[in-house]
Amino acid sequence: MINFTIDGKPIQLEEPESILNAAKRLGIEIPTLCYHEKLSPYGGCRICLVEAAPGSAPERSKLVPACASRVEEGLIIKTSTQRVREARKFNIELLLSRSPDSEEIRQTAREIGVDPDNRSALDSVGEYLLYRAPRIRHTKCILCGLCVRVCAEITERDALCFENRGMKRRVVPPFDKVADTCIGCGSCAYVCTTNTITIEEVT
Ligand code: SF4
Ligand code: FES
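If you number the sequence shown the way our numbering does, the last residue is 221 and the count never jumps.
Below is the structure:
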């Protein structure tokens, strides 16, 4: 048995599982953007951050993605501390800078306490991002990787992949050509967090 606490509530599980799932068992909702229950965790968006500390050293807490971190014996997990809220706000600010017009991102921002229409009222983090914003190519894609993972793990077609790093990172078909392996199943469009991918019938 694994014994641990989430927001002060004790919980006991027979098998290890993600902090996200364990929190759900207690009715604690943690926001997510790059997580899908049928796909492997990616830990990319960092919206699901929580604080976790070993029971033997509660002062050594660190921020971890709830979707990609497993519960352990004695773990002390906190899902709504000031540190957690600030970290989530910072990360949604990054995503808003990239995808300011994505309604899904704007909605998530509101849910975690960031007004997408009033970002200039933010503190130095907001100023920093506003300063950087002109250099960021706006796109609805937040690089959550759900499309890449569904194509690799469910349809096993590998018709999408990531290209480049940093600001130039994007999702493309291998070699930037429509992949021979693509069967047009639409799985990528189905899971896309921001409706960036749409399927069109070609006649
Ligand atoms: S295209 Fe959609 S599913 Fe793929 S990485 Fe971008 S936002 Fe995520
Ligand atoms: S949902 Fe956990 S890192 Fe994106």
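All residues carry an ideal CB built from backbone N, CA and C; glycine is no exception.
Every alpha helix (DSSP H) of 4 residues or more that sits fully in the segment 165 to 218 is shown, in chain order, as 205 to 209. In the structure shown, A75 falls within a coil segment according to DSSP collapsed to helix, strand and coil. The beta carbon of R78 is closer than 6 Å to those of A71 in its chain, skipping five residues each way along the sequence. Here DSSP, grouped into helix, strand and coil, assigns R101 to helix. Bounds of the alpha helix (DSSP H) holding I37 are I37 to R43.
In the three-state DSSP reduction, L93 falls in the coil class, being neither helix nor strand. G62 is the residue among S74, G62 and G92 whose C-alpha sits nearest the C-alpha of V82.
In this structure, V89 and E35 form a Cβ contact; the two beta carbons are roughly 6 Å apart against a cut-off of 8 Å. In the three-state scheme derived from DSSP, where H, G and I count as helix and E and B as strand, T126 is classed as helix. The alpha-carbon separation between Y60 and V189 amounts to approximately 15 Å. When secondary structure is reduced to three states using DSSP, K107 falls in the helix class. Segment contact: the segment 117 to 125 against the segment 203 to 213, three or more CB-CB distances shorter than 8 Å; contact assigned. C169 has its Cβ no nearer than 7 Å to any heavy atom of the ligand SF4. In the displayed model, E69 falls within a strand according to three-state DSSP. Approximately 7 Å separates the beta-carbon atoms of G92 and N21; this is inside 8 Å, confirming the contact. Between A40 and L31, the gap from beta carbon to beta carbon is short of 8 Å. A straight line joining the alpha-carbon of P28 with that of R43 spans about 11 Å. Distances from the alpha-carbon of T216 to those of C165, G184 and D198 put C165 closest.
R64 sits in coil when the DSSP states are folded into three classes, being neither helix nor strand. For the pair P49 and E55, the Cα-to-Cα distance works out to about 14 Å.
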